[in-house]
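Using my numbering, you'd call the opening residue of the sequence shown number 1083 and step up by one each time.
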Amino acid sequence: MTDQPLLSIDVVPVRFTEERGMQLGLGVRLFEPFRGELALPGVLLVGEERLAEAAYRALAAKVGLGLGEVRALVQVTARDNPERDPRGPTVSVSYLAVVAPDAVAPRAVWRDWVGGDPLPFDHDRIVAAAADRLRVSVWQATPEARLLTRALTGETFSTRRAARLTEAVTGVRPEPGNFNRMLRTAPDLARCAGVEAAGRGRPAALWAWGQRR
């Protein structure tokens, strides 16, 4: 009878700012294997711990992110390749965590959402799966998609921020007319008073999440 594989919880922390676009948060591994390399925050499930609890523990222990700094946490995928971990068979359950753009994470190393040096284990594939989930979710109508979009935009945002977020996540710049129409007709968005000034550019409308009255 063979030993049961260990269960690892790996988290893909992301944040969005208009200045830096989409960023991925990584931590420096303190132990072998891959000591000293950047990797996703991850821990082994212990005792009667729930999966989401382990995900929050990974963020706190590996990059210093507090519970209140995580705006959304969504399970993405499970990977069971027996060769994914050189220490032996390990099943990985991964989560996507959207964190506040100004979150304090003293041990996090932030880098661009795409590109960069390869990550250890199968973390590149986990990041790719999280990117695909965001790509098909932004501005969609399902509860999970709205949760992720709202976490990335913040409670109040401008049309300009929304468009830049969409381009950062999907790689496609939204067509202004259709995009503005989508914002105007979304049942859970309301137009705010005032506009966002933008130097010489046209002022951008402001929006807030909440059921339209």
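C-beta atoms are modelled at their ideal positions from N, C-alpha and C, and glycine is treated no differently.
Source: prediction; values computed, not measured.
#1: Just to confirm the assignment, what range does the beta strand (DSSP E) spanning Glu1278 have?
#2: Mind listing, in chain order, the continuous beta strand (DSSP E) runs of no fewer than 3 residues lying wholly within the region 1196-1265?
#3: Would you mind listing the beta strand (DSSP E) stretches within the region 1086-1128 that are 3+ residues and don't spill past its ends, in chain order?
#4: Ala1190 by DSSP, collapsed to three states: which one?
#5: Exposed or buried, Val1209, counting other C-beta atoms within 10 Å across all chains shown (16 or more means buried)?
#6: Just to confirm, is the Cβ distance from Ala1136 to Gly1124 under 7 angstroms?
#7: Could you tell me how far apart the beta carbons of Leu1108 and Ala1190 are, in whole angstroms, since I believe they sit closer than 8 angstroms?
#8: Which stretch, first to last residue, makes up the alpha helix (DSSP H) that contains Arg1139?
#9: Is it buried or exposed, Gln1222, if we count other Cβ atoms within 10 angstroms and call 16 or more buried?
#10: Checking 7 angstroms against the spacing of the C-beta atoms, do Ala1272 and Ala1290 come in under that value?
#11: Quick check on Pro1164: does DSSP put it in helix, strand or coil?
#12: First and last residue of the beta strand (DSSP E) that includes Leu1149?
#13: Taking 6 angstroms as the line, does the beta carbon of Val1096 fall inside it for any heavy atom of the ligand ATP?
#14: Under DSSP, the beta strand (DSSP E) around Ala1290 begins and ends at which residues?
#15: Would you decide whether Gln1086 is buried or exposed? Buried here means 16 or more other CB atoms lie within 10 Å of its CB.
#16: Under 8 angstroms by Cβ, that's how I've got Leu1225 and Pro1168 pegged, so tell me the actual separation to the nearest angstrom.
#17: Measuring CB atoms only, is the region 1258-1269 touching the region 1232-1247, in the sense that at least three cross pairs come out at less than 8 angstroms?
#18: Would you call the CB atoms of Ala1233 and Met1104 closer than 7 angstroms?
#19: Under a Cβ-count criterion, where at least 16 other Cβ atoms within 10 Å of its own Cβ denotes burial, should Pro1200 be classed as buried or exposed?
#20: Could you tell me the alpha carbon to alpha carbon distance between Val1220 and Ala1182, rounded to whole angstroms?
#21: Roughly how many angstroms separate the alpha carbons of Val1110 and Leu1147, rounded to a whole number?
The answer reads as follows:
#1: Leu1271 to Glu1278
#2: 1238-1240
#3: 1088-1099, 1103-1110 and 1124-1126
#4: coil
#5: buried
#6: no
#7: 7 angstroms
#8: Leu1133 to Val1145
#9: exposed
#10: yes
#11: coil
#12: Where Leu1149 is concerned, there is no enclosing beta strand (DSSP E), given that its DSSP letter is neither H nor E.
#13: In the structure on display, the ligand ATP does not appear, and there are no ligands present to speak of.
#14: Ala1286 to Trp1291
#15: exposed
#16: According to the sequence as given, residue 1225 is Pro; it is not Leu. Contact doesn't hold; Cβ gap of about 39 angstroms is too wide.
#17: yes
#18: no
#19: exposed
#20: 17 angstroms
#21: 14 angstroms
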